[in-house]
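Trainee: Dropping the structure in here first, questions after.
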Amino acid sequence: MPIQLPSVGLALAALLVAALVALISTPVVRSLAFRVGAVDVPRDDRRMHDHPIPRMGGLAIFFGFILSVLIFLPLTPELRGMLLGGVVILILGIFDDIYALPAKPKFLVQIGAALIAVLQGNQIQFLSNPNIFSKEAFWELGWLSVPITVVWIVGITNAVNLIDGLDGLACGVSTISSMTLLVIALIVAEPDVAILMAALAGSCIGFLPYNLNPAKIFMGDTGATFLGFILATVSIQGLFKFYAIISFAVPFLMLGLPIFDTCFAILRRVSHGQSPMKPDRGHIHHRLIDMGFSQKQAVAVLYIISAILGLSAVVLTTIGVVRAMLFLLALCAAGAVASKLYLDHNGDSGQPPQHSSGSSRVARPRQSRPMDSGNFFGEEDRSEK
Numbered sequence: 080m081p082i083q084l085p086s087v088g089l090a091l092a093a094l095l096v097a098a099l100v101a102l103i104s105t106p107v108v109r110s111l112a113f114r115v116g117a118v119d120v121p122r123d124d125r126r127m128h129d130h131p132i133p134r135m136g137g138l139a140i141f142f143g144f145i146l147s148v149l150i151f152l153p154l155t156p157e158l159r160g161m162l163l164g165g166v167v168i169l170i171l172g173i174f175d176d177i178y179a180l181p182a183k184p185k186f187l188v189q190i191g192a193a194l195i196a197v198l199q200g201n202q203i204q205f206l207s208n209p210n211i212f213s214k215e216a217f218w219e220l221g222w223l224s225v226p227i228t229v230v231w232i233v234g235i236t237n238a239v240n241l242i243d244g245l246d247g248l249a250c251g252v253s254t255i256s257s258m259t260l261l262v263i264a265l266i267v268a269e270p271d272v273a274i275l276m277a278a279l280a281g282s283c284i285g286f287l288p289y290n291l292n293p294a295k296i297f298m299g300d301t302g303a304t305f306l307g308f309i310l311a312t313v314s315i316q317g318l319f320k321f322y323a324i325i326s327f328a329v330p331f332l333m334l335g336l337p338i339f340d341t342c343f344a345i346l347r348r349v350s351h352g353q354s355p356m357k358p359d360r361g362h363i364h365h366r367l368i369d370m371g372f373s374q375k376q377a378v379a380v381l382y383i384i385s386a387i388l389g390l391s392a393v394v395l396t397t398i399g400v401v402r403a404m405l406f407l408l409a410l411c412a413a414g415a416v417a418s419k420l421y422l423d424h425n426g427d428s429g430q431p432p433q434h435s436s437g438s439s440r441v442a443r444p445r446q447s448r449p450m451d452s453g454n455f456f457g458e459e460d461r462s463e464k
């Protein structure tokens, strides 16, 4: 399907507006964060920084995104539901960045925000039938649509939050995911989705210069959960609700890094007889740091992985059904091998390996909140900070 040039132009304009607004508003948000006490203060030698750094930077991302969206898109019921749910997530994140809210109430609010979006039409209504010989191309979910969609939205919201562990990591990965979905939306002629993703990518790009190592401001829960919520919701809009063989594969590939990291965090803890909510240092970015990578190097590696997964998602939309199935099987095989190697190399309980005192490139362990005060998985998501 040929890409429509007017859609490309609108998407580019939306991206530029969002980037400019986020770039200009970030210093203002930084000052505001200091005033309201949304600041990460290193209280011991376990922190990865040695001076107070403000959180709540996601507010600048929101400003860029919402202004661009309101300029370039009409307010449909689906969009209203997504934006209203996103505002709920944003407000929750602001309070969490200031007051460190308990995990369980946060989880309930996240479910409520997801329901707001779902009840306005943002639902996974169909799943592709993997049996290419079947006459039924899709499986209609019926009443299961609501719970499955809520699980998807809440899961991705927390998954993006979990990878917010190094300067610029979650923001950069979200940018790559947004650009991936932007390209796919242009390919399958979904201009509204393209504009949404252009606005999100632009707002991340505008914020990123302040968030790269050494970070001047952290996006906090305000940004990480908002990005996860929007990515999860947009990924199931338009044709992505039931687009042939790729209906669920594309979002999984596009958001592959946070999904992979979250799933392995749960499996790792359960396999060692620990609660899946027990914090550890077994995340991918921790492992790279413990292997001797600097923060910038670790982030670059994870950017590359995310870009490869995003490119795979784009390829999946441009090939036929049979080739798509073969491509997915090849990706699954490669993923299985990579997972086996990862588990073999990281078969411990998620604790960092011991290093000689002379190693200056290994970051200090992050400080975790108590079990009931982090994100849904009980973790302090601000290991970068």
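Residue numbers (the numbering used here): 80 to 464. We put the beta carbon where it would ideally sit given N, CA and C, even for glycine.
#1: Just to confirm the assignment, what range does the alpha helix (DSSP H) spanning D76 have?
#2: So, at 6 Å on beta carbons, what are the nonlocal neighbours of P85 in its own chain, with the 5 sequence-adjacent residues on each side left out?
#3: Can you look up F205 in the DSSP assignment and give me helix, strand or coil?
#4: Only counting the same chain, and skipping five residues up and downstream in sequence, which positions put a Cβ closer than 7 Å to that of F142?
#5: Suppose contacts are defined by Cβ-Cβ distances below 7 Å. Is P337 in contact with V272 by that definition?
#6: According to the neighbour-count rule (16 or more other Cβ atoms, all chains shown, within 10 Å of its Cβ), is L265 buried or exposed?
#7: Would you mind working out which of A139, Q199, L94, C250 sits nearest M161, comparing C-alpha positions?
#8: May I have the straight-line CA-CA distance separating L287 from A278, to the nearest angstrom?
#9: Starting from the C-beta of R159, find all residues in its chain whose C-beta is less than 7 Å away, skip the five residues before and the five after it, and write them out in chain order.
#10: Taking the straight line between their C-alpha atoms, what separation do you get for L163 and I170?
#11: If you check the beta carbons only, do G137 and F305 fall under 7 Å apart?
#12: Please work out which residues of its chain come closer than 6 Å, Cβ to Cβ, to L275, disregarding the five sequence neighbours upstream and downstream, and give them in chain order.
#13: If you measure between the beta carbons of V120 and P133, is that distance less than 7 Å?
#14: Taking the alpha carbon of F144 as the reference point, which residue from L223, V166, I190 has its own alpha carbon closest?
#15: Hey, how far is the Cα of F174 from the Cα of G299?
#16: Could you tell me the distance, in whole angstroms, from the CA atom of A379 to the CA atom of S391?
#17: Report the partner residues of E219 according to the DSSP bridge assignment.
#18: Quick check on this structure: which residue in V252, Q204, L95 has the alpha carbon closest to the alpha carbon of V148?
#19: Would you please state the rounded distance, in angstroms, between the beta carbons of I232 and A193? I believe it to be under 8 Å.
#20: If I follow the unbroken alpha helix (DSSP H) through D300, where does it start and stop?
#21: For P133, write down the residues that DSSP places opposite it in a beta bridge.
#22: One question on the structure: do N290 and G247 come within less than 7 Å of each other, judged by their Cβ atoms?
#23: Which same chain residues end up closer than 6 Å to Y382 when comparing Cβ atoms and leaving out the 5 residues on each side of it in sequence?
#24: Leaving out five residues before and five after A294 in sequence, what residues of the same chain have Cβ atoms less than 6 Å from its Cβ?
#25: Would you grab the beta carbon distance between S256 and G389 for me? Rounded to a whole angstrom, and I think it's under 8 Å.
#26: Within its chain, find whatever has a CB closer than 6 Å to the CB of I150; leave out the 5 residues flanking it on each side and keep chain order.
#27: Could you check which residue in Q376, T396, I315, C342 has the C-alpha nearest to that of L206?
#28: Taking the beta carbon of T397 as the centre, do at least 16 other beta carbons fall within 10 Å, making it buried, or is it exposed?
#29: Which class does D271 belong to by DSSP, given the choice of helix, strand or coil?
#30: Which residues in the same chain have their Cβ closer than 8 Å to the Cβ of I190, if we skip the five residues on either side of it in sequence?
#31: Would you say A303 and I235 are within 7 Å of each other, going by their C-beta atoms?
Mentor: Based on what the coordinates show:
#1: Outside the displayed span of the chain (80 to 464) sits residue 76, for which this structure offers no information.
#2: Within the sequence shown, the letter at position 6 stands for residue 85. So the list is empty, once near-sequence residues are dropped.
#3: Working through the sequence shown from its first residue, we reach residue 205 at position 126. In this structure, F205 counts as strand in the three-state DSSP scheme.
#4: As a first step, residue 142 must be located in the sequence shown, where it is residue number 63. Cβ neighbours of F142 beyond the five flanking positions: V100, A101, S104.
#5: Counting from 1 along the sequence shown, the entry for residue 337 is found at position 258. Counting from 1 along the sequence shown, the entry for residue 272 is found at position 193. No, the Cβ-Cβ distance between P337 and V272 is not below 7 Å.
#6: The residue labelled residue 265 in the question sits at position 186 within the sequence shown. Buried: at least 16 other Cβ atoms inside 10 Å.
#7: The sequence position of residue 161 within the sequence shown is 82, counting from 1. Selected option, being the one with the closest Cα: Q199.
#8: Position 208 of the sequence shown, counted from the start, is the residue given in the question as residue 287. Position 199 of the sequence shown, counted from the start, is the residue given in the question as residue 278. Those two C-alpha atoms are separated by around 14 Å.
#9: Against the sequence shown, residue 159 aligns to sequence position 80. These residues qualify, in order along the chain: Q199.
#10: Counting from 1 along the sequence shown, the entry for residue 163 is found at position 84. Counting from 1 along the sequence shown, the entry for residue 170 is found at position 91. Approximately 11 Å, taken between the alpha carbons.
#11: Mapped onto the sequence shown, residue 137 falls at position 58. Mapped onto the sequence shown, residue 305 falls at position 226. Taking 7 Å as the Cβ cut-off, G137 and F305 qualify as a contacting pair.
#12: The count along the sequence shown starts at 1 and reaches residue 275 at position 196. Contacts found: V313.
#13: For the purposes of this step, residue 120 is taken as residue 41 along the sequence shown, with counting starting at 1. For the purposes of this step, residue 133 is taken as residue 54 along the sequence shown, with counting starting at 1. Cβ atoms of V120 and P133: not closer than 7 Å.
#14: By 1-based counting over the sequence shown, the position of residue 144 is 65. It is V166 whose Cα lies nearest to the Cα of F144.
#15: Taking the first residue of the sequence shown as position 1, residue 174 is located at position 95. Taking the first residue of the sequence shown as position 1, residue 299 is located at position 220. Those two C-alpha atoms are separated by around 11 Å.
#16: The residue given as residue 379 occupies position 300 in the sequence shown. The residue given as residue 391 occupies position 312 in the sequence shown. Approximately 18 Å between the Cα atoms of the pair.
#17: As a working note, residue 219 is residue 140 in the sequence shown. Answer by DSSP bridge pairing, in chain order: F205.
#18: The residue labelled residue 148 in the question sits at position 69 within the sequence shown. If we check each option's Cα against that of V148, L95 comes out closest.
#19: Mapped onto the sequence shown, residue 232 falls at position 153. Mapped onto the sequence shown, residue 193 falls at position 114. Between A193 and I232 the Cβ distance is about 4 Å, and since that is below 8 Å, they are a contact.
#20: The sequence position of residue 300 within the sequence shown is 221, counting from 1. D300 -> alpha helix (DSSP H) spans 299–313.
#21: In the sequence shown, counting from the first residue as 1, residue 133 sits at position 54. According to DSSP, P133 bridges with V118.
#22: The count along the sequence shown starts at 1 and reaches residue 290 at position 211. The count along the sequence shown starts at 1 and reaches residue 247 at position 168. Contact flag set, yes.
#23: Counting from 1 along the sequence shown, the entry for residue 382 is found at position 303. Taken in chain order, the residues that qualify are G251.
#24: Walking along the sequence shown from the start, residue 294 turns up at place 215. Answer for A294: D246, listed in chain order.
#25: Counting from 1 along the sequence shown, the entry for residue 256 is found at position 177. Counting from 1 along the sequence shown, the entry for residue 389 is found at position 310. Yes, S256 and G389 are in contact; Cβ-Cβ is about 7 Å, under 8 Å.
#26: Within the sequence shown, residue 150 is the residue found at index 71, counting from 1. Nothing listed; no residue qualifies.
#27: Walking along the sequence shown from the start, residue 206 turns up at place 127. With distances taken between Cα atoms, L206 lies closest to I315.
#28: Position 318 of the sequence shown, counted from the start, is the residue given in the question as residue 397. The residue is exposed, with fewer than 16 neighbouring Cβ atoms inside 10 Å.
#29: On the sequence shown, position 192 is the one that residue 271 refers to. Of the three classes helix, strand and coil, the one that applies to D271 here is helix, per DSSP.
#30: The count along the sequence shown starts at 1 and reaches residue 190 at position 111. Contacts found: V229, V233.
#31: In the sequence shown, counting from the first residue as 1, residue 303 sits at position 224. In the sequence shown, counting from the first residue as 1, residue 235 sits at position 156. No, Cβ-Cβ distance for A303 and I235 is not below 7 Å.
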